[in-house]
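To convert, note that position 120 of the sequence shown is 120 in UniProt numbering; the numbers rise steadily by one, no gaps. The C-beta atom is built at its ideal place from N, Cα and C for all residues, glycine as well. Single-structure report; data block below.
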Amino acid sequence: MSDKAVVESLAWDSAWLGYPVGRVGAQSPRQVAEAVADSQARGLRLLYLVIDSAAEAAIAGAQAAGAWLADVRLTYHKPLPEAILSDQAPQASGIEYQLMTEPSAALDQLALQSSQYSRFRRDARISVQACNLLYAEWLRQALAGGGAWVAVRKGTTLGLLTLGTRNAHASIELLAVSAEARHQGLGQGLVQVAQREASRQGQALLQVVTQETNRAAQLFYEHCGFQLARREHVFHLWQQPE
């Protein structure tokens with residue numbers, strides 16, 4: 001059986017950025033070299049290289065190929081009990097948690113806030129406008145696909161949560177609390193909402209991805225009972241098509 005790393009063409013990313021983009025998981029220097037050659041032959045302008053952080057030789061190979069370390073990605077998991085009471089109310093003074101399906105300026109701002117540590121925000125070759133568009137689109141898809149959960153106090157939206165599915169598991173996608181409402185339990189309340197909704201869907205595991213540079217998020221999720229499951233280096237390899 002071949003262990004060649006297969007480069008996946010990313011149609012959405014390509015349309016978003018306006019040039020061919022691909023992604024590959026590579027765990028050896030040979031796989032990195034094959035993926036780079038394949039992406040060049042196919043005329044990809046940008047290649048995402050995802051490498052397990054323990055694969056030091058593959059990481060060195062990516063660096064030797066000129067790839068830029070865009071992110072050290074941390075995936076956290078939290079097992080869910082078989083049932084969570086549907087009426088379990090998150091605890092935060094005066095806060096209501098509501099499902100929203102319509103866009104608003106407040107939701108747009110919270111979605112952008114969640115991009116602070118994003119590899120797309122950090123990559124100088126991706127414009128601010130393009131990054132903003134990406135997060136706006138993620139929010140739009142969440143609203144259209146079932147809605148986003150918001151934390152509201154006296155009619156003011158102070159927090160945002162969107163749920164999705166990754167690798168067949170429920171996944172927290174966007175989570176943000178406005179600056180003036182932090183350290184008041186809203187974030188934990190939104191995580192409780194995520195646990196409740198994932199349990200309602202019959203999911204046994206809730207996961208979330210954050211960045212190693214975002215130490216506050218790591219401490220927050222660990223405080224909420226999540227455990228680190230995977231650590232990966234994510235490189236951006238920019239190349240001129242041959």
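With 16 or more neighbouring CB atoms inside 10 Å of its own CB, L158 falls in the buried class. The beta-bridge partner set that DSSP reports for G22 consists of S9, L47.
D52 sits close to E232, with the two beta carbons spaced by under 8 Å. By the Cβ neighbour-count rule, K154 is exposed, with fewer than 16 other Cβ atoms within 10 Å of its own. Looking at the DSSP output, T210 sits in a beta bridge with L74. Residue burial annotation: V191 is buried, with at least 16 other C-beta atoms found within 10 angstroms of its C-beta. In this structure, DSSP gives E102 a state outside helix and strand, which the three-state scheme calls coil.
The beta carbon of V36 is closer than 6 Å to those of A65 in its chain, skipping five residues each way along the sequence. Scanning its chain for C-beta atoms nearer than 7 Å, with the 5 sequence neighbours on each side dropped, one finds around R230 the residues T75, in chain order. Pairing L69 with F235, the inter-Cα distance amounts to about 4 Å. For H169, the three-state secondary structure derived from DSSP is strand. Listed in chain order, the beta strand (DSSP E) runs fully inside the UniProt domain "N-acetyltransferase" (95-242) are 96-100, 148-153, 156-166, 169-177, 205-211, 227-238, counting runs of at least 3 residues. In the displayed model, L69 falls within a strand according to three-state DSSP.
Straight-line spacing of the CA atoms in P29 and I95 works out to 51 Å. In the structure shown, the three-state DSSP call for P81 is coil. In this structure, Y135 lies near S114, with their beta-carbon atoms less than 8 Å apart. A residue is called buried when at least 16 other Cβ atoms come within 10 angstroms of its Cβ; A54 does not meet this threshold and is exposed.
The three-state secondary structure of D52, taken from DSSP, is strand. The C-alpha of A217 lies about 30 Å from the C-alpha of A11.
For Q31, the enclosing alpha helix (DSSP H) stretches over residues 29-41. Taking 8 Å as the cut-off, the Cβ atoms of A170 and L206 count as close.
If you draw a straight line from the Cα of V6 to the Cα of L49, it is about 11 Å long.
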